[in-house]
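Number of protein chains: 2
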Amino acid sequence: MNNFEFYNPVRIVFGKGTIPQVQKYLPKDRKVMMLYGGGSIKRNGVYDQVVQGLKGIQWTEFSGIEPNPLYETCMKAVERIKAEKVEFLLAVGGGSVLDAVKFIAAAACYPGKDPWDILTSGGSVVKAALPLADVLTLPATGSEMNCFSVISRKSTQEKLAFGSPHVFPQFSILDPETTYSLPKKQLRNGLVDAFVHVMEQYATYSVNTPLQDRQAEAVVRTLLDVAEDVLSKQDYDSRATFMWAATCALNGTLSRGVIEDWSTHEIGHELTAFFGVDHAESLAIVLPGVWKHQFENKKGKLAQMARRVWHILGGDETSQAKTAIEKTVQFFHSIEMPTRLSDYGITEAGIQKVVERFQQRGTVMGEHQNIRAKQVGEILRLCL
Amino acid sequence: MNNFEFYNPVRIVFGKGTIPQVQKYLPKDRKVMMLYGGGSIKRNGVYDQVVQGLKGIQWTEFSGIEPNPLYETCMKAVERIKAEKVEFLLAVGGGSVLDAVKFIAAAACYPGKDPWDILTSGGSVVKAALPLADVLTLPATGSEMNCFSVISRKSTQEKLAFGSPHVFPQFSILDPETTYSLPKKQLRNGLVDAFVHVMEQYATYSVNTPLQDRQAEAVVRTLLDVAEDVLSKQDYDSRATFMWAATCALNGTLSRGVIEDWSTHEIGHELTAFFGVDHAESLAIVLPGVWKHQFENKKGKLAQMARRVWHILGGDETSQAKTAIEKTVQFFHSIEMPTRLSDYGITEAGIQKVVERFQQRGTVMGEHQNIRAKQVGEILRLCL
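So the protein sequences, as listed, match chains V and H.
First residue of the first sequence? That's 315 in my numbering, and the numbers climb one at a time after it.
First residue of the second sequence? That's 315 in my numbering, and the numbers climb one at a time after it.
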């Protein structure tokens, strides 16, 4: 097991009817800005519940944060925040709104000329941020219980991530009933996003972390078990389980002391940036490709997953590991998630664009630091 | 799943050679008191490592905190703290030292006449505490990552618990190498303590918490897997796994949204208070008794554990649940942990003493609130 630190001060308030508790946890003496997306929270009643919780608090609002939130939109919010002397940010929505609000919180306090530095530095330049909290309405990204954020820039077709302890939410309210109004596609995306988060912290090489392995397998098996109910009915317990599993998939517990590999995310981000593929859709394409390309390096863990998650006990390690890849693809297909570039009309020409970007950046990825631009091309060709 | 809150701001610093990091995380401008037990930390080098980390910091020390730490000892520390204007407490040791320091931190700030109120109120009277941190040397109680503490009072032979968010450690340093010098008995006790912590949050009735169930099974299976190596050799990875598993067994994650039953602990505390049985020893006696007495209520979860943790797939629910009890007792015996009152010379007369105490207190326990003094007697008679 590698040495590690773990620190996660986010207060989770979880369950039915918990949204009005924003009242209990918001500071009473600070001007709050509620930030949200395209207005679905007005149709499903979440907006009204939050407003009820804001009674007695001075607040304003900012709407229009898009999926794969844009730097350009975020900077508009920063301007408003400065002009209106906002002191506390309340994100209401899914991972995109949360990620945007984390960036906005940091950008509002950034003394440098160009807040895009926050993203190019990975967050190391962040020395302060406005306090923030959230009401989560879409289980997927885990953003509600970590200090990470991913932001896109329209002008340059870039999508970058940053992390900073200054952008941990002070509290996150998770009411599984808010998911009842989600379209099936968003639920499917959330299931895949959470599944792949676990895999990026699991399917690498082992450094003897049996507990963390089993904790990861617990989340993955749970996601597989609830997926059908999540997609086919409005059942409280399966929604609650899904919501908490998506949080636990990326709240830091699974990655403590283990070897991670976020190459699926890094490659997937470029598919979103260039071709507008949903984040989860990009992951479902890239993950099997990375696993096939890095098969020899990952087969030990993949075989372990086959044995423990799918109870595949026959065959040798190689065949078990291959079965894990097949089972994963079958899972994606079972929830109507495509897994090929061709499903989105992306061809060799598109792969070239992505490869060139990795060439320009000189990115090195993978747990063995053996995935560069050339290998990205090889991986994506396995996904055509 | 029941509604829940989760909040755990403890910073964990985990791994080889991490003890000197007390320097990094201790406040430089506050007078620190290092508190420890009987001096084993002087023999195994931990004391010297901590002292190295205290360079440049004004500090004093208090030693002599005993296992099942005594109120009387704690109050001596409180006197010293007040006299010497100590502002930060650093516990160095196992769960007993940590629990003592949590109580001392609260008692030093308690404005009431009798700090024993902190324990009789379960912690609700605690409105402030001195900041505290710790260097853990014994994996067992989970005290390093929660806000609970158990204190004994010699004069009245009482042992009570309290909890308060004010006594979360600011940071906890966990170096698995500190466990190399532990006697086998303490390692065995730690394994049992962690095992039973998981069970008190698991072996009740189900409220549809599949993720939490699997997270609990992950910790238990891991403890079973590492036990032999922990007891038979000085192997870093198995000690690290044990140490992190014991922390994860009681850091709040396993109990979110589930039904708990701490009756084994409550009954066990009295065996320690009256007869000086080690805490873990008391749990190993009482747990099988509670399970047999409450068999019909707990058999669903026990059978699930039999299937998932021990892969017992044949037979019906009743026989699987019985096997889970047998396997648990076998595990305790395999690590040389006795499981009967008679192993400690405790007879019917002793049971009567315990029953009378529960009668006086009017305690009601169990997930169905059906364990009172009479049932405590019935349970303990199953443990003779």
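The beta carbon of each residue, even a glycine, is placed where N, CA and C say it ideally should be.
First through last residue of the beta strand (DSSP E) which encompasses residue i
i, result
"ALA475(H)", "472 to 477"
"GLY409(H)", "Element bounds for GLY409(H): not the beta strand (DSSP E) but the alpha helix (DSSP H), 409 to 421."
Interface partners of residue i on chain H, CB under 8 Å
i, result
"ALA532(V)", "LEU525, ARG528, GLN529, GLU531, ALA532"
"THR268(V)", "In the structure as shown, chain V begins at 315 and stops at 698. Residue 268(V) is therefore absent and cannot be evaluated."
"PHE320(V)", "ARG325, ILE326, PHE328"
Chain-ordered chain V contacts of residue i [CB-CB under 8 Å]
i, result
"PRO453(H)", "Chain V residues near PRO453(H): none, gap ~12 Å exceeds 8 Å."
"GLY571(H)", "PHE328, GLY329, ALA554, TRP558"
Residue span of the alpha helix (DSSP H) that contains residue i, given as start and end
i, result
"ASP657(H)", "From DSSP, ASP657(H) is part of no alpha helix (DSSP H); its letter is neither H nor E."
"GLU319(V)", "Counting along the chain, GLU319(V) falls outside any alpha helix (DSSP H), though it belongs to the beta strand (DSSP E) covering 318 to 328."
"TRP605(V)", "593 to 607"
"LEU452(V)", "That residue, LEU452(V), is in no alpha helix (DSSP H); it is neither H nor E in DSSP."
"MET315(H)", "That residue, MET315(H), is in no alpha helix (DSSP H); it is neither H nor E in DSSP."
"ILE299(V)", "Nothing can be reported for residue 299(V), as the shown portion of chain V is limited to 315 through 698."
"MET347(V)", "No alpha helix (DSSP H) contains MET347(V), which is instead part of the beta strand (DSSP E) from 346 to 349."
"ILE741(V)", "Outside the modelled stretch of chain V, which goes from 315 to 698, sits residue 741(V), for which no answer is possible."
"VAL678(H)", "Element bounds for VAL678(H): n/a, residue is neither H nor E."
"PHE462(V)", "No alpha helix (DSSP H) holds PHE462(V); the beta strand (DSSP E) holding it covers 462 to 467."
"SER486(H)", "Careful: SER486(H) lies outside any alpha helix (DSSP H), inside the beta strand (DSSP E) at 485 to 488."
"GLU574(V)", "Premise fails: GLU574(V) is in no alpha helix (DSSP H) and is neither H nor E."
"LEU501(V)", "498 to 514"
"TYR424(H)", "No alpha helix (DSSP H) contains TYR424(H), which DSSP labels as neither H nor E."
"ALA563(H)", "550 to 563"
"GLY691(V)", "687 to 695"
"GLU542(V)", "524 to 546"
"LYS338(V)", "336 to 339"
"SER354(H)", "354 to 357"
Anticipated Cβ contact below 8 Å, residue i with residue j, distance rounded
i, j, result
"THR586(H)", "SER577(H)", "THR586(H) to SER577(H), Cβ: 15 Å. No contact."
"ARG535(V)", "PHE318(V)", "Not really, about 24 Å apart at Cβ, beyond 8 Å."
"LEU616(V)", "TRP624(V)", "Wrong, their Cβ atoms sit about 11 Å apart, outside the cutoff."
"SER478(H)", "ALA420(H)", "6 Å"
"ALA563(V)", "GLY456(V)", "6 Å"
"THR561(V)", "GLU458(V)", "6 Å"
"VAL706(V)", "TYR350(V)", "Residue 706(V) lies beyond the range of chain V shown here (315 to 698); nothing can be said about it."
"VAL510(H)", "ALA530(H)", "Actually they do not touch by this definition, with Cβ atoms about 12 Å apart."
"ALA443(H)", "VAL506(H)", "Actually they do not touch by this definition, with Cβ atoms about 30 Å apart."
"HIS607(V)", "LEU696(V)", "6 Å"
"VAL415(H)", "HIS480(H)", "The Cβ separation is near 13 Å, so there is no contact."
"VAL533(H)", "LEU525(V)", "7 Å"
"PRO445(H)", "GLN484(H)", "6 Å"
Chain-ordered neighbours of residue i on chain V, where CB pairs are closer than 9 Å
i, result
"TRP624(H)", "In chain order: nothing, as chain V lies at least about 14 Å away."
"ASN522(H)", "TYR550, ASP551, SER552, ALA554, THR555"
"ARG686(H)", "Those do not exist, as ARG686(H) stays about 30 Å from chain V at its closest Cβ, beyond 9 Å."
"CYS562(H)", "LEU525, GLN529, THR567"
Cross-chain neighbours of residue i in chain V, by beta carbon under 7 Å
i, result
"ASP539(H)", "PRO524"
"THR536(H)", "PRO524, LEU525, ARG528"
Item to check | Stretch pair the stretch 428 to 444 of chain H + the stretch 490 to 502 of chain H: three plus CB contacts closer than 8 Å | outcome: Segment contact: the stretch 428 to 444 of chain H against the stretch 490 to 502 of chain H, fewer than three CB-CB distances shorter than 8 Å; contact not assigned.
Next on the checklist: Please give me, in chain order, every unbroken run of the beta strand (DSSP E) with length at least 3 that falls completely inside the stretch 365 to 392 of chain H.
Outcome noted: 373 to 376
Checklist entry - Within the chosen definition, does the stretch 422 to 431 of chain V reach the stretch 445 to 455 of chain V through at least 3 CB pairs nearer than 8 Å? => result no
Item to check | Three or more C-beta pairs below 8 Å linking the stretch 671 to 682 of chain V and the stretch 640 to 659 of chain V | outcome: No, the stretch 671 to 682 of chain V does not touch the stretch 640 to 659 of chain V.
Item to check | Any 3 or more C-beta pairs closer than 8 Å across the stretch 556 to 573 of chain H and the stretch 484 to 492 of chain H | outcome: A contact is defined here as three or more CB-CB pairs under 8 Å, and the stretch 556 to 573 of chain H meets this definition with respect to the stretch 484 to 492 of chain H.
Checklist entry - Would you call the stretch 375 to 389 of chain V and the stretch 510 to 517 of chain V in contact, with 3 or more CB pairs under 8 Å? => result Flag = no, the stretch 375 to 389 of chain V and the stretch 510 to 517 of chain V do not touch.
Next on the checklist: Between the stretch 332 to 341 of chain V and the stretch 351 to 367 of chain V, can you find at least three pairs of beta-carbon atoms closer than 8 Å?
Outcome noted: Flag = yes, the stretch 351 to 367 of chain V and the stretch 332 to 341 of chain V touch.
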